[in-house]
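Encoded as structure tokens, the structure appears first; notes follow it.
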């Protein structure tokens, strides 16, 4: 049996987040849809950039945020994703390296630029993302490193990796390798737009490969085209080993065979920016899991790490998540 | 710190169960209430006995059943309860000793006879209990052995011990000792009639002393005089560390701080006699707890042990619970 080197390997879009605060009018004037993720072409992306004043540029991407959270908690992580060897690509590499994450994917040296996501934050703390994927969508089967996957306890895949057939082939190759080595596949549905575009294929994928599913309530309802939350929990039960269903201020529900575990959300005074809440929930949850904690405690840790990320701009932690989690778990009378 | 000798110490009524099958008419002709526990005096008890053909005489009592279940699972247990040094009293002592449970309480040598419970099982598998407590209710503070309590990780108390002020004093003394030694108190509400008689005092007791509460759905609703199950789960949350709420074929719900864990029931073909289901659920649950299992697994084990007891007459296991639980947990993909 191959040895475990990494707790979690993330596979996802390697993109740089450009954060900007705007008023509601900024969106409505441009007929931009609020609260979701919209893919844009290079030209349109350029136009939106030109109109905003960037608050900050920081490495992002859903699965990359999750492994960054895991690294902040003290887990050993790696990442697979595609950048261009340009300025933003170098920024991405520096950031992920500084977070202590192994990242070996070869950058593009020609063609599309490094992906970027303009995250417009309105006064209600909602995020609207306009993403130019660029180099990120050029991930192929050739980037899927068998050795790294075989050495990772859990391979975490984001649902955004679904648009290009070549990306999809890359995901399937990763899943096949992971299961051949008896490793677990965790998958995040990422966004309701991904479900709506790929429902049937996604359900099939979840059923065939996914061990641990991260999904929010709206995505789950859309996945099964249901309107009853308790029924949809029964739908998802036979498909995966563990489903972690997030519900914003109502906490999360973990479905695991014969158990359904309802865990309350953290109490939060001000939500500043919900970017990365799902990614960091997954980070906390997976950290609990690799540490052998109970599923209820995994969900609690996920709630704690998600709560940190939404009290400031950006999807990367601003405090030591490890210290925060230890402190909070003690408050809740749990082993830190 | 005193060393732990016992996983669980039970304190309860030491009674012998007399099991008999009767038709529904037997109850209605005698104006006996079905499905509950009715206390009777010596004379009335004698009259019911005279009219039934006992199927079996076996040591019973709620907390005694629980520690017998725990012993069958492999836990180290002790029991405190009062018998008379008569034939049934000796039967009780033999049975509990044979189950491997330490039992040192001095028997009465005069006064009331050993308690007995006529359990009438109707064709619908419902049990109606007519209990003459006799010697059992003579338990006093003097029987509460500080050493045994200090050496027990958990002291489990049944709610039936509530009628005599001297018994109540004994319980309170046990709780004070347990908490002085930083041990846990588990308490089973036992029966809805106990709640109805002692609601206010019982709530106060739970709040002040109980760490782990066993209660069924109807008892819990009665305790808080509510008719909404989800609301009542919020009511009980701040009172105890763990509440295990049983719901018959709908499984059980564990309330533990910020977590509510819904666990499905075992699938059972034929319920023969529901006597002892709650007692054996508590046994399985506490066994999981002393073994450090997750609360979901504790509830699963409780469901398994309860399911064994209701497929035959009597409240003591007829197979090795240890083997049964190992086998079932493996079926559910859990560590045995």
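Residue numbers (our numbering), protein chains in the order written: chain A, 49 to 384; chain B, 49 to 384.
Built from N, CA and C at the ideal position, the CB exists for glycine as well.
Since residue i sits in a beta bridge, which residues does DSSP pair it with?
i                      : result
residue 128 of chain B : B:59
residue 179 of chain B : B:87 and B:165
residue 54 of chain B  : B:200
residue 310 of chain B : A:308 and B:301
residue 338 of chain A : According to DSSP, residue 338 of chain A bridges with nothing at all.
residue 258 of chain A : For residue 258 of chain A, which the question treats as bridged, DSSP gives no partner whatsoever.
residue 107 of chain B : B:64
residue 235 of chain A : A:205 and A:261
residue 290 of chain B : B:260
residue 156 of chain A : A:132
residue 150 of chain B : B:126
Measuring straight from C-alpha to C-alpha, what distance separates residue i and residue j?
i                      : j                      : result
residue 158 of chain B : residue 141 of chain B : 17 Å
residue 160 of chain A : residue 178 of chain A : 17 Å
residue 370 of chain A : residue 194 of chain B : 42 Å
residue 276 of chain A : residue 218 of chain B : 50 Å
residue 99 of chain A  : residue 364 of chain A : 25 Å
residue 116 of chain B : residue 298 of chain B : 25 Å
residue 361 of chain A : residue 317 of chain A : 15 Å
residue 132 of chain B : residue 261 of chain A : 59 Å
residue 330 of chain B : residue 114 of chain B : 6 Å
residue 255 of chain A : residue 287 of chain A : 5 Å
residue 204 of chain B : residue 242 of chain B : 17 Å
residue 92 of chain B  : residue 220 of chain B : 31 Å
residue 368 of chain A : residue 338 of chain A : 19 Å
residue 289 of chain B : residue 138 of chain A : 51 Å
residue 296 of chain B : residue 313 of chain B : 7 Å
residue 199 of chain B : residue 192 of chain B : 13 Å
residue 375 of chain A : residue 381 of chain B : 33 Å
residue 223 of chain B : residue 121 of chain B : 25 Å
residue 327 of chain B : residue 341 of chain B : 19 Å
residue 291 of chain B : residue 155 of chain B : 34 Å
residue 79 of chain A  : residue 384 of chain A : 47 Å
residue 281 of chain A : residue 303 of chain A : 7 Å
residue 332 of chain B : residue 201 of chain B : 16 Å
residue 143 of chain B : residue 273 of chain A : 57 Å
CB-CB under 6 Å to residue i, same chain, minus the five flanking residues each way: which ones, in chain order?
i                      : result
residue 88 of chain A  : 178 and 180
residue 373 of chain B : 349 and 352
residue 264 of chain A : 294
residue 126 of chain B : 54, 57, 150 and 196
residue 38 of chain B  : Nothing can be reported for residue 38 of chain B, as the shown portion of chain B is limited to 49 through 384.
residue 96 of chain B  : 166 and 178
residue 310 of chain A : 301
residue 169 of chain A : 69, 175 and 321
residue 189 of chain B : 217, 218 and 221
residue 102 of chain B : 66 and 68
Below 8 Å CB to CB, which residues in the same chain sit around residue i once its five sequence neighbours on both sides are set aside?
i                      : result
residue 322 of chain B : 173, 174, 175 and 358
residue 134 of chain B : 161 and 162
residue 239 of chain A : 84, 85, 207, 208 and 267
residue 319 of chain A : 173, 358 and 359
Here's a check: name, in chain order, each residue in its chain whose Cβ is nearer than 7 Å to the Cβ of residue i, leaving out the five neighbours to either side.
i                      : result
residue 325 of chain A : 354, 357 and 358
residue 336 of chain A : 345, 346 and 349
residue 244 of chain A : 270
residue 119 of chain B : 125, 147, 148 and 149
residue 366 of chain B : 360
residue 258 of chain A : 233, 235 and 288
Chain A partners of residue i, CB-CB under 7 Å?
i                      : result
residue 148 of chain B : Ordered by position in chain A, no residue passes the 7 Å Cβ test against residue 148 of chain B, which lies about 30 Å from the chain.
Check the Cβ of residue i against every Cβ in chain A and list those closer than 8 Å, keeping chain order.
i                      : result
residue 342 of chain B : 342, 343 and 344
Can you list the residues of chain B that residue i reaches, using a CB-CB cut of under 7 Å?
i                      : result
residue 308 of chain A : 310
residue 348 of chain A : 306
Just to make sure I have the definition right: I need the residues of chain B whose C-beta is within less than 8 Å of the C-beta of residue i. Which are they?
i                      : result
residue 380 of chain A : 305 and 306
query = Can we say the region 108-116 of chain B touches the region 53-73 of chain B, given the rule of at least three CB pairs closer than 8 Å?
reply = With the cut-off at 8 Å, the region 108-116 of chain B and the region 53-73 of chain B touch.
ask   = Counting pairs of Cβ atoms below 8 Å between the region 181-192 of chain A and the region 213-223 of chain A, do you hit three or more?
value = Contact between the region 181-192 of chain A and the region 213-223 of chain A is established, with three or more Cβ pairs separated by less than 8 Å.
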